[in-house]
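Just so you know, the protein sequences line up as chains A and B, in that order. According to the UniProt record's numbering, the first sequence is numbered sequentially starting from 1. According to the UniProt record's numbering, the second sequence is numbered sequentially starting from 1. Here the structure is laid out as structure tokens; the discussion comes afterwards.
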Amino acid sequence: MTKLSSRLIGLAAILVSAVVFLVPFIFIIITAFKDKQQAALLDFSWPNGFHLWSNLVEVVTTRNWMMVTAFINSTILTVASVTLLVIFAAMVGFVLARRKTRFNGLIEFLILAGLMIPPAVVPTIWLLQGIGLFGKLHGLILIEVAYGLPFSIILYRAFIATIPRELDEAAIIDGARPLDVFFRVILPLLWPVTVTNIVVQSVGVFNDFTNPLYYLPGNANATVQLTLYNFQSQFNTSYNLLFTNILLITIPPLLVFLFFNRHIVAGMTAGAVKG
Amino acid sequence: MTALSEAGSAISHGGGRAIRRSPYPGWFFLPAALVYGILFLAPTLASLYFSLTRWTLFNSTFIGLDNFAQFFREPFLVQGLVNTVIYAVVTSGLKVVLGMLLALLLTSAVMARGYLRSVVFFPVLVSTVGVGITFTVLMHPTQGMINEALALLGVKGPGWLVDPKLALLSVALVDVWKGVGLATVIYIAGIVAIPKDYYEAARIDGATKWQNFLYVTLPLSRPATATVITLSFIGGLRTFDLIWAMTRGGPGFSSDTIASVIYKQYQAGFYGLSTAGNVVLFILIAILVVPLTMLLNRRQGHE
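So, in structure tokens, the structure goes:
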């Protein structure tokens, strides 16, 4: 292998990746800058004016500021469900990794089942209606927790197995009660895997389209993914607005990506390959 | 220190029986078990019953296996079943091959490695609906950028999403575009974990690059392959949002998958039939994924 040929492979990779992966994103951005007529051409040309601001204003104010409601809903949904997921999954992972009982097999079976079985949507809707949570944000929060638990538990269990038991025991000798052991000794040690879990689950919940579509109907409760879906029919000739919307709801995942790039990759692989 | 930890383990062993004194209280399972049991397990079990009924959400009439009979009688529902399998096989196959190739490239001393890793991974984080809409526009038969670029090369691009023969595969390609970054990351972890000794031994035996790949990298990254296949195969079988954002199952029913059929039946108010679709999907996943994971893991054991 000469230096030249490896250079050439590198250049080719950069070129191909730019065409395949960057061009679609650049297309989103430049279309969001265009006016309606120019955007309708769907081409890859330079915007002939700066229309991003007026597009933004129109997207945000349309249908009674639905976009703002949606961002608030999505934020509450994401923060609440991920918080619950972290605490509940860490608790299960902790006891599951530490205490061997005859139920462990059953619990692990249920976790695997949760990873594979597609949720039964209509019975879930029926059940949510029965307990008065259908079409309500906190109903959807609990749904996201239920669907996210198996993956989170697996991440935590694998990680907790690497923390020495002597730590718990030392804490107990120092007089710590079970809750102290968990919340003051173990949970802080789980920070690396918690970061991974937060990143993966919050991106998943924020980008979730299917569950809000089924369990949270109605404009008053729209999440950001649903605004995009609703706008798709309304704006079907205003590509500039459609792509401004896409750009707007891509900002949160982009920020997550910029801040946690390394954690995402490290944590996902730790969980995925071991699991 | 040893004395302390021995004393500690004595306490935890002694306390294991008496629930009150265990440092690992069983009620820690409770919050998760409640949410999971009520919102996931109960509806799943209920679906086994409701799939056998004609159902309005208020009343259900037991009709035996009629929903399933209807499911398999309707040609477009059967096509949805076939499409689901094709979609899952195509997407997971491509993710394995492309993920492996990208991981090989990105673990070698290629330049701009950080940039390449980021650029490949970023689509994983972007909203599926957003990606779907973007590619629907890019794949527009006459105005879309993809066909305009092909026209510059003198190729007449196909109607990606409007040709019934192509629609499903076009969506599958977009799925690969969006998901290959995850496969790549898993492969990178798998390849990095291979001990360097193997490559050194291979070098002493005079192995070529190709032999290195075939006899060292490929077999030793099998756990990663198992993970990528299982993840993307299950994901492919359950796929809904991308199909829905790009084609709504069309043109006709040519790109319907079971998940989109379930949604359409739900929208139309056929709740029993929709739930039967869920059970079919569940059985399909069980039939295909369980033997697949067993096969992947058994081979791994022999290595």
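Idealized CB from N, CA, C, for every residue including glycine.
Buried or exposed, going by whether 16 or more other CB atoms sit within 10 Å of the CB of residue i?
i: A:T237; result: exposed
i: A:M66; result: buried
i: B:S51; result: buried
i: B:P75; result: exposed
i: A:M91; result: buried
i: A:H138; result: exposed
i: B:K264; result: buried
i: B:P223; result: buried
i: B:D241; result: buried
i: B:V171; result: buried
i: B:G277; result: buried
i: B:S92; result: buried
i: A:Y229; result: buried
i: B:T142; result: exposed
i: B:T247; result: buried
i: B:E200; result: exposed
Taking 9 Å as the threshold (beta carbon to beta carbon), is residue i in contact with chain B?
i: A:P119; result: yes
i: A:N207; result: yes
i: A:A70; result: no
i: A:A32; result: no
i: A:A161; result: no
i: A:L84; result: yes
i: A:F109; result: no
i: A:M66; result: no
i: A:V273; result: Here A:V273 scores only 47 on pLDDT, less than 50, and its place in the model is too uncertain to base an answer on.
i: A:A80; result: no
Residue i versus chain A: which residues are under 7 Å apart at the beta carbon?
i: B:F240; result: T210
i: B:N278; result: P118, A120 and V121
i: B:F122; result: F257
Can you name the residues of chain B whose CB is closer than 9 Å to the CB of residue i?
i: A:S191; result: The amino acid occupying residue 191 of chain A in the given sequence is Trp; Ser does not appear at that position. Chain B residues near A:W191: none, gap ~19 Å exceeds 9 Å.
i: A:F94; result: Y24 and F28
Return helix, strand or coil for residue i, following the three-state DSSP convention.
i: B:S260; result: helix
i: B:R54; result: strand
i: B:T208; result: coil
i: B:S221; result: coil
i: A:S6; result: helix
i: B:S255; result: coil
i: B:F28; result: helix
i: B:F135; result: helix
i: B:T61; result: strand
i: B:D197; result: helix
i: A:S233; result: helix
i: B:E74; result: coil
i: residue 324 of chain A; result: Any answer about residue 324 of chain A is impossible in this case: the structure gives chain A only from 1 up to 275.
i: A:A18; result: helix
i: A:F103; result: coil
i: B:M111; result: coil
i: A:I131; result: coil
i: A:D168; result: helix
i: B:V290; result: helix
Determine, for residue i, whether the minimum Cβ-Cβ distance to residues of chain E falls below 9 Å.
i: B:I63; result: Looking for chain E here will not work: the only protein chains present are A and B.
Give the interface partners of residue i over in chain B, defined as CB-CB distance under 7 Å, in chain order.
i: A:N261; result: S118
i: A:T124; result: L39 and P43
i: A:A146; result: V35, Y36, L39 and F40
i: A:Q232; result: I133
Against chain A, with Cβ distances strictly below 9 Å, would residue i count as a contact?
i: B:F71; result: no
i: B:M111; result: yes
i: B:S255; result: no
i: B:G26; result: yes
i: B:T128; result: yes
i: B:L52; result: no
i: B:F210; result: Note that residue 210 of chain B is Trp in the sequence shown here, rather than Phe. Not an interface residue.
i: B:F76; result: no
i: B:L138; result: yes
i: B:F68; result: no
i: B:P31; result: yes
i: B:I234; result: yes
Round the Cβ separation of residue i and residue j to the nearest angstrom and send it over; I've been treating them as touching at under 8 Å.
i: A:F94; j: A:I160; result: 6 Å
i: B:P43; j: A:T124; result: 4 Å
i: B:K178; j: B:V131; result: 5 Å
Mind listing the chain A neighbours of residue i? Cutoff is C-beta to C-beta under 8 Å, in chain order.
i: B:M145; result: V23, F27, L42, D43 and F44
i: B:S47; result: A120, V122 and P123
i: B:S22; result: R99 and P178
i: B:T134; result: P24, F27, I28, F243 and I246
Just to make sure I have the definition right: I need the residues of chain A whose C-beta is within less than 9 Å of the C-beta of residue i. Which are they?
i: B:L57; result: V122, I125, W126 and Q129
I want to verify the contact list: residues of chain B whose CB lies under 8 Å from the CB of residue i, in sequence order.
i: A:P253; result: L125, V126 and S127
i: A:I14; result: M111, A112, Y115 and L116
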